[in-house]
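Numbering (this note's numbering), first residue to last: 5 to 661.
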Amino acid sequence: MAMRLSGLISGMDTEAVIRELMNAERLKTTKVENKITTTEWKQEKWSALNSKIYSFYTNQLSKMRMEGSFAVKKATSSNESKVELTAGTNAPEGTHLVKVNRLASSQFVTGAKLDFDNNDKEISTSTKLVDLGFDASEGTSIHIKPTGKKGVSLDIRETTTIGELINSLREAGLNANYDTTQKRFFISSKASGVENAFEVTTSSTEVVRDKNKIKSFLNYDSLSSTDKNKVNGYLDQYLNDTLVETDREVIENKLLEIKHEQVRTEQVNIFKADEELIAQITEEEENKLRQELGLEEGEEVDSEALKTAVNDRLIEMAEETEEFAGARADLITKMVNYKQSAKTGGAIEDASGSLSALGLDEIKYDEIEKKIVGGSNAILVQAADAEITYNGAKLTGSSNNFSVNGLNLTLKGETDVDETISLSIAGNTEAVYDMVKDFVNAYNELLKEMNDSYNADSARGYDPLTDEEREAMSDSEIEKWEAKIKDSLLRRDNTLGSLISSFRTAMSGSVSVNGKFYSLASFGIGSQNYRDKGTLSINGDEDDDATAGLTNKLMDALNNNPEEVMTVMNKLADDLYSSLMDKMKSSSLSSALTVYNDKEISKTLTNYKDDLKKLEDKLTDIEERYYKQFAAMETAMAKLNSQSNALASMLGMNMQG
Numbered sequence: 005m006a007m008r009l010s011g012l013i014s015g016m017d018t019e020a021v022i023r024e025l026m027n028a029e030r031l032k033t034t035k036v037e038n039k040i041t042t043t044e045w046k047q048e049k050w051s052a053l054n055s056k057i058y059s060f061y062t063n064q065l066s067k068m069r070m071e072g073s074f075a076v077k078k079a080t081s082s083n084e085s086k087v088e089l090t091a092g093t094n095a096p097e098g099t100h101l102v103k104v105n106r107l108a109s110s111q112f113v114t115g116a117k118l119d120f121d122n123n124d125k126e127i128s129t130s131t132k133l134v135d136l137g138f139d140a141s142e143g144t145s146i147h148i149k150p151t152g153k154k155g156v157s158l159d160i161r162e163t164t165t166i167g168e169l170i171n172s173l174r175e176a177g178l179n180a181n182y183d184t185t186q187k188r189f190f191i192s193s194k195a196s197g198v199e200n201a202f203e204v205t206t207s208s209t210e211v212v213r214d215k216n217k218i219k220s221f222l223n224y225d226s227l228s229s230t231d232k233n234k235v236n237g238y239l240d241q242y243l244n245d246t247l248v249e250t251d252r253e254v255i256e257n258k259l260l261e262i263k264h265e266q267v268r269t270e271q272v273n274i275f276k277a278d279e280e281l282i283a284q285i286t287e288e289e290e291n292k293l294r295q296e297l298g299l300e301e302g303e304e305v306d307s308e309a310l311k312t313a314v315n316d317r318l319i320e321m322a323e324e325t326e327e328f329a330g331a332r333a334d335l336i337t338k339m340v341n342y343k344q345s346a347k348t349g350g351a352i353e354d355a356s357g358s359l360s361a362l363g364l365d366e367i368k369y370d371e372i373e374k375k376i377v378g379g380s381n382a383i384l385v386q387a388a389d390a391e392i393t394y395n396g397a398k399l400t401g402s403s404n405n406f407s408v409n410g411l412n413l414t415l416k417g418e419t420d421v422d423e424t425i426s427l428s429i430a431g432n433t434e435a436v437y438d439m440v441k442d443f444v445n446a447y448n449e450l451l452k453e454m455n456d457s458y459n460a461d462s463a464r465g466y467d468p469l470t471d472e473e474r475e476a477m478s479d480s481e482i483e484k485w486e487a488k489i490k491d492s493l494l495r496r497d498n499t500l501g502s503l504i505s506s507f508r509t510a511m512s513g514s515v516s517v518n519g520k521f522y523s524l525a526s527f528g529i530g531s532q533n534y535r536d537k538g539t540l541s542i543n544g545d546e547d548d549d550a551t552a553g554l555t556n557k558l559m560d561a562l563n564n565n566p567e568e569v570m571t572v573m574n575k576l577a578d579d580l581y582s583s584l585m586d587k588m589k590s591s592s593l594s595s596a597l598t599v600y601n602d603k604e605i606s607k608t609l610t611n612y613k614d615d616l617k618k619l620e621d622k623l624t625d626i627e628e629r630y631y632k633q634f635a636a637m638e639t640a641m642a643k644l645n646s647q648s649n650a651l652a653s654m655l656g657m658n659m660q661g
């Protein structure tokens, strides 16, 4: 903005005059700003109330309309140290008898103690299996197979470590660890029961032997994990019977690329170590560069270009070596053997003794004994199913958590031979009573807030404070002023009035049960007087001083006529639920799960902000016009003063003559 110099001729405080003129003009923007503020406050108030209504809708109200909420059972075990008990809604009431014959357990394998490896070093996850005496002859694999699940096989090579074995065991879904303090393998199933038992066996086959030869040829252990995954994938694909020879050639070429890159790197490093060779290449390549670039003798050669040229030449030399040229033939031979052994190859030898070097045994299912068996090295604990005798019938399960006849049993210990545990199931009227009471409290809290907002005192004459007004007031005065406005924002709001009506109408309804009509009042639930505005009280509620001394009709009904209470409560709650669901449907004015016109409020707010922007632009134009007008006045006065001075001067000269 250009500098404004005003009042120099007129002597007027132009800035003050224009400021006062603009204050009058700004009254229009203040009104729009007030509308924006009150609309934002209204939006916040509705949003907070909507959250409370939705919480009530999905929690207390939803429970009240479900029959299962009234079928709560009280379950008691005569010996909770051995059987803990909960009851489902369909659990038959009465006394049930149970004996715990056996607890379910997982399969555990604890390896023999390992002191040092063959190099007299402490054993850790990085220790190689061969350094423990494991038979890692070509073709050996360890197979881990949980019962009924896909197993994992680990092909053993000279570099395979304890850590890799642990990872394979875990990949198969087992708990596995090598404890460096106890110096033992610990392996177990994650879940109990015979169905979660597992086997750990070994084998040695020609196909694994030939696969390992390919991996060794490719320096598999030096590859990145990404390239290792690629190699494993290529080797698995290669044995696919649906592939034609051209497909296999593609795989061979991909593997050959990995080998060729290794040969290049190795040979280039060898060449770089030969200083005489490098000097010769440098001179040769420098002359070649001069010719290609048309450089005069003595002109410097770009060092980066020279470096690139030398490196390219080294790579060319690497590709001319026998190692590079012979890689294809070596790989093809190994791939042919690999494919052939996959078709016709069998076991090379019995590798069953290999696991003993790890303090373990062959752990496998014995068809004769019909169970998992092991050897003499490791300690094997069989997986077992739980067994109980329930009301005279023997039942088994893989877990210590039993579900039977609507009862949920947690088995914690086996019963003595002559011990029988009694399980008592009864209707839990206290829990149902507490649920109804929780519903009434939540309903009252929500209805009271809606009533207070709808019947709030008018805030006529109260507008949001301007910055100047706020500066002249204390924080407490500002808070009271704004609270007065905020409390009145939903006063006589039609949407809120409709909600209040829905709440009160639903809870004042009646329901026919076996030809007789019941309402909440039939169970001692209702408003004490008209001043309650629809909020409810429960007769005999010890937490309500006004009704604590009255007869508790609700508890009596729950004890004597629970079906009637459930039917009435379900129906009244369902009526209110349906009413709220209708109000929460999405429309052009409101979003889903919203009881007020949130879209309409947002649109109104946007329109107000657009109006304010237009007014502010207009005020800027008006202010500029005022300044121009006052500047023109100053200019005119300056001309007038100049003319007056000239005239006075002329008159003075004539008088002297």
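Where is the CB? At the ideal position from N, CA and C, for every residue including glycine.
Could you check the C-alpha separation between residue i and residue j for me, to the nearest Å?
i, j, result
"Glu1", "Asp135", "With the chain represented from 5 up to 661, any question about residue 1 goes unanswered, as that position is not in the structure."
"Phe507", "Ser591", "22 Å"
"Thr164", "Glu371", "32 Å"
"Ser448", "Asp548", "The amino acid at residue 448 is misidentified as Ser; the sequence shows Asn. Approximately 13 Å, taken between the alpha carbons."
"Lys441", "Gly410", "27 Å"
"Met5", "Thr624", "Low per-residue confidence applies at Met5: pLDDT is 45, beneath 50, and the placement is therefore not dependable, though the value from the model is reported in the following sentence. Answer to the nearest angstrom: the Cα atoms are 12 Å apart."
"Ala596", "Phe521", "35 Å"
"Ser226", "Glu203", "32 Å"
"Asn27", "Tyr612", "20 Å"
"Lys234", "Lys117", "37 Å"
"Thr539", "Lys452", "7 Å"
"Asp666", "Val377", "In the structure as shown, the chain starts at 5 and stops at 661, and residue 666 therefore has no counterpart that could be examined."
"Ser457", "Trp50", "10 Å"
"Glu663", "Val314", "The question about residue 663 has no answer, for the chain in this structure spans 5 to 661."
"Asn23", "Ser462", "Checking the sequence shown, residue 23 turns out to be Arg, not Asn. Rounded to the nearest angstrom, the two C-alpha atoms are 34 Å apart."
"Leu616", "Leu31", "12 Å"
"Gln64", "Ser73", "10 Å"
"Ser356", "Thr250", "Low per-residue confidence applies at Ser356: pLDDT is 49, beneath 50, and the placement is therefore not dependable enough to give any value."
"Lys67", "Asn574", "9 Å"
"Asp471", "Glu19", "21 Å"
Over the uninterrupted beta strand (DSSP E) stretch that includes residue i, give me the two end residues.
i, result
"Lys398", "397 to 401"
"Thr393", "390 to 394"
"Ser516", "515 to 517"
"Asn179", "178 to 183"
Counting along the chain, where does the alpha helix (DSSP H) carrying residue i start and finish?
i, result
"Ile482", "479 to 491"
"Arg106", "Counting along the chain, Arg106 falls outside any alpha helix (DSSP H), though it belongs to the beta strand (DSSP E) covering 98 to 106."
"Lys3", "This structure cannot settle anything about residue 3, because the visible part of the chain is limited to 5 through 661."
"Ile336", "326 to 348"
Give the secondary structure of residue i by DSSP, where H, G and I count as helix, E and B as strand, and everything else as coil.
i, result
"Ile255", "helix"
"Val599", "coil"
"Leu384", "strand"
"Leu415", "strand"
"Ala525", "helix"
"Ser360", "helix"
"Arg496", "coil"
"Leu158", "strand"
"Ala476", "coil"
"Asp124", "coil"
"Tyr369", "strand"
"Thr90", "strand"
"Thr144", "strand"
"Gly72", "helix"
"Thr209", "strand"
"Gly538", "coil"
Based on DSSP bridge pairs, tell me the residues matched to residue i.
i, result
"Pro150", "Phe202"
"Ser229", "Partner(s): none; Ser229 has no beta bridge."
"Thr165", "Lys132"
"Val408", "Leu411"
"Glu279", "Answer is none; Glu279 lacks a bridge partner."
"Ser81", "Leu427"
"Arg188", "Asp183"
"Phe112", "Ser192, Val385"
Subject >> Given 8 Å, three or more beta-carbon pairs between the region 538 to 547 and the region 523 to 530 >> reply: Segments in contact, yes.
Original post:
How about the region 236 to 253 and the region 175 to 193: do they share at least three Cβ pairs that are nearer than 8 Å?
Top reply: When Cβ pairs closer than 8 Å are counted between the two stretches, the region 236 to 253 is seen not to touch the region 175 to 193, the count staying below three.
Subject >> Stretch-stretch touch, CB-based, cutoff 8 Å, three pairs: the region 280 to 293 with the region 310 to 323 >> reply: Touching, yes.
Original post:
If you pair each beta-carbon of the region 101 to 110 with each one of the region 149 to 162, do three or more pairs fall below 8 Å?
Top reply: As far as the Cβ criterion goes, the region 101 to 110 does not touch the region 149 to 162, which means the pair count is below three.
Original post:
How do the region 500 to 515 and the region 575 to 585 stand: do at least 3 beta-carbon pairs fall below 8 Å, yes or no?
Top reply: Under the three-pair Cβ rule at 8 Å, the region 500 to 515 counts as touching the region 575 to 585.
Original post:
Just checking, does the region 164 to 175 make contact with the region 127 to 134 on the three C-beta pairs under 8 Å criterion?
Top reply: Judged by Cβ distances under 8 Å, the region 164 to 175 makes contact with the region 127 to 134, as three or more pairs qualify.
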